[in-house]
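*Asks:* This note's numbering applies: residue 12 is where the sequence shown begins, and numbers increase by one. A virtual CB, placed ideally from N, CA and C, is assigned to each residue, including glycine. Just dropping this structure here.
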Amino acid sequence: MPSTTDPRTRDRLSRAGTSHEASVDSAHGGARDHVPAPTSLGTTPEGVDPGHGTVRLIDADGVRHPDATYDRWVEDVDHAALRDLYEDMVVVRRIDTEATALQRQGQLALWPPLLGQEAAQIGSARALESDDFVFSSYREHGVAHVRGIAGADLLRVWRGVTGAGWDPHVARMAPMQVIIGAQALHAVGYAVGILADQGADAERDARPAPDAGTAVGQGRTEAVISYFGDGAMSQGDVAEAFTFASTWTAPVVFFCQNNQWAISEPVSLQSKVPLVERARGFAMPGVRVDGNDVLAVLAVTREALHRARTGGGPTLIEAVTYRRGPHTTADDPTRYRTTAESEHWEARDPLTRVAAHLRSEDALDDDGEARVQAAADAVAAELRAGVTSIEDPSWQDVFADVYAAPHAELAAERDAYARYLDGFEEGDR
Ligand SMILES: Cc1ncc(C[n+]2csc(CCOP(=O)(O)OP(=O)(O)O)c2C)c(N)n1
Ligand SMILES: [Mg+2]
Numbered sequence: 012m013p014s015t016t017d018p019r020t021r022d023r024l025s026r027a028g029t030s031h032e033a034s035v036d037s038a039h040g041g042a043r044d045h046v047p048a049p050t051s052l053g054t055t056p057e058g059v060d061p062g063h064g065t066v067r068l069i070d071a072d073g074v075r076h077p078d079a080t081y082d083r084w085v086e087d088v089d090h091a092a093l094r095d096l097y098e099d100m101v102v103v104r105r106i107d108t109e110a111t112a113l114q115r116q117g118q119l120a121l122w123p124p125l126l127g128q129e130a131a132q133i134g135s136a137r138a139l140e141s142d143d144f145v146f147s148s149y150r151e152h153g154v155a156h157v158r159g160i161a162g163a164d165l166l167r168v169w170r171g172v173t174g175a176g177w178d179p180h181v182a183r184m185a186p187m188q189v190i191i192g193a194q195a196l197h198a199v200g201y202a203v204g205i206l207a208d209q210g211a212d213a214e215r216d217a218r219p220a221p222d223a224g225t226a227v228g229q230g231r232t233e234a235v236i237s238y239f240g241d242g243a244m245s246q247g248d249v250a251e252a253f254t255f256a257s258t259w260t261a262p263v264v265f266f267c268q269n270n271q272w273a274i275s276e277p278v279s280l281q282s283k284v285p286l287v288e289r290a291r292g293f294a295m296p297g298v299r300v301d302g303n304d305v306l307a308v309l310a311v312t313r314e315a316l317h318r319a320r321t322g323g324g325p326t327l328i329e330a331v332t333y334r335r336g337p338h339t340t341a342d343d344p345t346r347y348r349t350t351a352e353s354e355h356w357e358a359r360d361p362l363t364r365v366a367a368h369l370r371s372e373d374a375l376d377d378d379g380e381a382r383v384q385a386a387a388d389a390v391a392a393e394l395r396a397g398v399t400s401i402e403d404p405s406w407q408d409v410f411a412d413v414y415a416a417p418h419a420e421l422a423a424e425r426d427a428y429a430r431y432l433d434g435f436e437e438g439d440r
């Protein structure tokens, strides 16, 4: 692998992702047009409703609005495809409800509900190719579902029986990240690694070979997406990630779900300007999207991924949404927010607007709705059966994967823990 600290290598690697495809910017006048005009400092960012410059294709009443820039990104989405997106959202909401119930019944230690954020997660995850890589926080159950992670594997960590519930190489999704914002840096590191690999490939391809036919930079670039919240935007890690991604022209999409709250802290305390405007300072395109509109989210994420794949570098997407449940099952949101606010967002539910749209087009009826619900119930039943049959790991397992090879200090710690456990009555272990 070439040295990534050498500025010449860095310049070459940054260009290695460029393909011969028309760039997104030249295709429709430049995504930077979508960065809203700066709001004067001191005004309150739109904490409740997305305002100017927000991409929305299906409104809260289910009405489809044409969009000169974004329609082309979803022109393949017919009624059947939109029904699939709807079913995805119904299923992940059902997974969420079941997991919340499992926590209340003592089967899980904790659960962070996604209720209200289904469109942001399904729309963006369905924009990904199977070889793209995801770095998420702890709330992206919808993304994990789309990546093919089984319900029981999703819940394993929340049951407290493992540190990572799935194989990240298979799912192409890293284990969830609880350190706020850290995954933004992990994503950029991975994206720079893609550039480094391309640089190495380009060097190899540039060498004369008997049947050389591969042009430098030819082929699709895999892309990386990092999910984080509005609160994470205040973290140094995220600012550093933006800087590195921008200067390296890294193939990464930053997907911020602005769900209005960082536990009990509203977004208005985190930023004096809409979060998307931060992109401008890093010379990144920034797009603000109605995060409760699955079609709009699909469109803007496809555009951003295309930019990443074709050498256009990072994009910041701010998906304006709402966390309708508690931060986690250990939280009581009634202590810090009003019923009026909850009702405001309930009326902007991501599922009901798609159902309303499909029904208005005669593409969904009661039978269709019942089939979707039955599919969701089946997933929930499988999830419950899978989780409740997970066996507790033995106490030794916690020492098993800490180091690549055993060593004396680790053995001493394990023995000390064994003596500690021996101090309990039989059955208390
Ligand atoms: C570095 C760090 N600081 C603080 C915390 C405690 N903490 C856990 S969740 C959270 C709020 C995060 O809010 P946001 O980024 O908006 O994500 P959301 O929970 O709304 O999805 C905080 C501060 C943490 N996990 N990591
Ligand atoms: Mg938040």
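Under a Cβ-count criterion, where at least 16 other Cβ atoms within 10 Å of its own Cβ denotes burial, should L432 be classed as buried or exposed?
*Replies:* Exposed.
*Asks:* Suppose contacts are defined by Cβ-Cβ distances below 8 angstroms. Is P361 in contact with N303 by that definition?
*Replies:* Yes, these two residues count as a Cβ contact at 8 angstroms.
*Asks:* Please report how far the alpha carbon of E424 lies from the alpha carbon of W406, in whole angstroms.
*Replies:* The straight-line gap from Cα to Cα measures roughly 12 angstroms.
*Asks:* Given a cut-off of 8 angstroms on the beta-carbon distance, is the pair V300 and A294 in contact?
*Replies:* In this structure, A294 does not lie closer than 8 angstroms to V300 by Cβ.
*Asks:* Of the choices D82, Q246, F265, G242, whose alpha-carbon is the least far from that of S279?
*Replies:* Ranking D82, Q246, F265, G242 by Cα distance to S279 puts G242 first.
*Asks:* State the Cα-Cα distance for the pair R1 and A396, rounded to the nearest angstrom.
*Replies:* The structure shown does not extend to residue 1, since the chain spans only 12 to 440, so no value can be given for it.
*Asks:* Output yes or no for whether 8 angstroms exceeds the beta carbon distance between F239 and G192.
*Replies:* For F239 and G192, yes; Cβs fall inside 8 angstroms.
*Asks:* Whose CB is closer than 7 angstroms to a heavy atom of ligand 2? List the residues in chain order.
*Replies:* Taken from the N-terminal end onward, the list reads G240, D241, G242, Q268, N269, N270, Q271, W272, A273, R334.
*Asks:* Leaving out five residues on either side along the sequence, give the residues of the same chain with a beta carbon under 7 angstroms from the beta carbon of A182.
*Replies:* R158, G159, I160, listed in sequence order.
*Asks:* Could you compute how far the alpha carbon of T254 sits from the alpha carbon of R382?
*Replies:* Cα to Cα, T254 sits roughly 47 angstroms from R382.
*Asks:* Ordered along the chain, which non-local residues of its own chain (more than five positions away) have a Cβ less than 7 angstroms from that of L121?
*Replies:* Counting only Cβ-Cβ distances below 7 angstroms, and skipping sequence neighbours, we find Q114, W169, T339, T340, A341.
*Asks:* To the nearest angstrom, report how far apart S237 and A198 are at their CA atoms.
*Replies:* Their backbone Cα atoms lie some 6 angstroms apart in a straight line.
*Asks:* For the beta strand (DSSP E) containing R318, name the first residue and the last one.
*Replies:* It is not in any beta strand (DSSP E) - R318 instead sits in the alpha helix (DSSP H) that spans 305-320.
*Asks:* What does the Cβ neighbour count give for H152, buried or exposed, with the cut at 16 atoms within 10 Å?
*Replies:* Result: buried.
*Asks:* So is the beta-carbon of S135 under 7 angstroms away from any non-hydrogen atom of ligand 1?
*Replies:* Every heavy atom of ligand 1 is 7 angstroms or more from the Cβ of S135, so no.
*Asks:* Which residues share a DSSP beta bridge with P277?
*Replies:* In DSSP, P277 forms a bridge with W272.
*Asks:* What is the DSSP secondary structure of V263, counted as helix, strand or coil?
*Replies:* V263: strand per DSSP, three-state reduction.
*Asks:* Taking 7 angstroms as the line, does the beta carbon of I190 fall inside it for any heavy atom of ligand 4?
*Replies:* Looking at this structure, you won't find ligand 4 anywhere; what it does contain is ligand 1 and ligand 2.
*Asks:* If contacts are defined as beta-carbon pairs under 8 angstroms, then A256 and A202 qualify, I think. What distance do you get, rounded to the angstrom?
*Replies:* Their Cβ separation, rounded to whole angstroms, is 7 angstroms, which keeps A256 and A202 in contact under 8 angstroms.
*Asks:* For a quick check, are the C-beta atoms of H156 and V103 less than 8 angstroms apart?
*Replies:* Result yes, Cβ atoms of H156 and V103 sit closer than 8 angstroms.
*Asks:* Run through the region 376-423 for me and flag every whole alpha helix (DSSP H) of 4 or more residues, listed as ranges in chain order.
*Replies:* List check, alpha helix (DSSP H) in window: 377-399, 408-411.
*Asks:* Looking at V66: is its Cβ nearer than 8 angstroms to the Cβ of A310?
*Replies:* Yes. Within cutoff.
*Asks:* How about H338: is its Cβ closer than 7 angstroms to a heavy atom in ligand 1?
*Replies:* For ligand 1, at least one heavy atom lies less than 7 angstroms from the Cβ of H338.
*Asks:* Please list, in chain order, all residues of the same chain as W84 whose beta carbon is under 7 angstroms from its beta carbon, the five residues on each side excluded.
*Replies:* Answer for W84: A310, R313, E314, listed in chain order.
*Asks:* So D164 is in the alpha helix (DSSP H); what residue range does that whole segment cover?
*Replies:* Note, D164: alpha helix (DSSP H), 162-170.
*Asks:* From what residue to what residue does the beta strand (DSSP E) around Y97 run?
*Replies:* Element bounds for Y97: not the beta strand (DSSP E) but the alpha helix (DSSP H), 90-115.
*Asks:* Can you tell which of P77, Y97, D82, G64 has its C-alpha closest to the C-alpha of L375?
*Replies:* For L375, the nearest C-alpha among the options comes from Y97.
*Asks:* Hey, out of R167, E276, I328, P325, whose CA is closest to R348's CA?
*Replies:* Out of R167, E276, I328, P325, E276 has the C-alpha closest to the C-alpha of R348.
*Asks:* Taking T326 as part of the beta strand (DSSP E), name the residues at either end of that continuous run.
*Replies:* Element bounds for T326: 326-331.
*Asks:* How many whole angstroms separate the CB atoms of V413 and A163, which I take to be in contact at a CB cut-off of 8 angstroms?
*Replies:* 25 angstroms between Cβ atoms; not a contact.
*Asks:* Can you have a look at D89 and say buried or exposed, based on whether 16 or more other CB atoms are within 10 angstroms of its CB?
*Replies:* Answer is exposed; the Cβ neighbour count stays below 16.
*Asks:* Using only the alpha-carbon positions, how far apart do R334 and F266 sit?
*Replies:* The alpha-carbon atoms of R334 and F266 are separated by roughly 16 angstroms.
*Asks:* Check whether chain B comes within 8 angstroms of G162, counting only Cβ atoms and requiring the distance to be less than that.
*Replies:* Absent from the structure: chain B. Only one protein chain is present.
*Asks:* Using a Cβ-Cβ cutoff of less than 6 angstroms, which residues in the same chain neighbour W177 once the five nearest sequence positions on both sides are dropped?
*Replies:* Within the same chain, W177 has close Cβ partners I160, D164.
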